[in-house]
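S.K.: Below you'll find the structure I mean.
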């Protein structure tokens with residue numbers, strides 16, 4: 250099964266919520282819904298949202314998947330997506346142990 254998959258990482262949970270809302274609003278109007286997994290990785294303490302795009306019937310990647318995936322990339326950039334290494338971490342840092 251062909252699909253597009255991307256994980257967006259942000260510095261705050263609020264920004265994760267923002268991208269989630271933006272995606273939901275867009276896909277509702279396009280009547281095309283992705284699989285989205287909100288993740289809080291406690292050990293790494295990253296706030297992220299994983300989005301998987303594919304068309305279920307017929308089972309393939311469609312132009313609509315690609316268009317909305319590109320839209321998600323643009324919106325994530327506006328909301329200020331970061332590299333996983335830039336995501337905040339909680340707990341003591343090695344220098345404070």
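Numbering (the working numbering), first residue to last: 250 to 346. Every residue, glycine too, gets a C-beta built ideally from N, C-alpha and C.
Given residue 261, which residues of its chain have a CB within under 7 Å of its CB, disregarding the five upstream and five downstream residues?
M.R.: The residue given as residue 261 occupies position 12 in the chain shown. Once the five neighbours on either side are set aside, the close Cβ partners of residue 261 are 296.
S.K.: Determine which residues share a DSSP beta bridge with residue 254 and list them.
M.R.: Along the chain shown, one-based indexing puts residue 254 at 5. Answer by DSSP bridge pairing, in chain order: 301.
S.K.: Return the first residue and the last residue of the alpha helix (DSSP H) that residue 330 is part of.
M.R.: Here residue 330 refers to the residue found at position 81 when the chain shown is read from its first residue. Where residue 330 is concerned, there is no enclosing alpha helix (DSSP H), given that its DSSP letter is neither H nor E.
S.K.: Once you ignore the five residues that flank residue 317 on each side, which residues in its own chain have a CB closer than 7 Å to its CB?
M.R.: Sequence index remark: in the chain shown, residue 317 carries index 68 (1-based). Cβ within range, chain order: 275, 276, 279, 281 and 302.
S.K.: Taking DSSP's pairing of strands, which residues face residue 311 in a bridge?
M.R.: Residue 311 sits at position 62 when you count from the first residue of the chain shown. The partner list for residue 311 (beta bridge, DSSP) is empty, contrary to what the question assumes.
S.K.: When you compare only the Cα positions, how much space is there between residue 329 and residue 306?
M.R.: The residue you call residue 329 lines up with position 80 of the chain shown. The residue you call residue 306 lines up with position 57 of the chain shown. Each residue's Cα considered, the two are about 33 Å apart.
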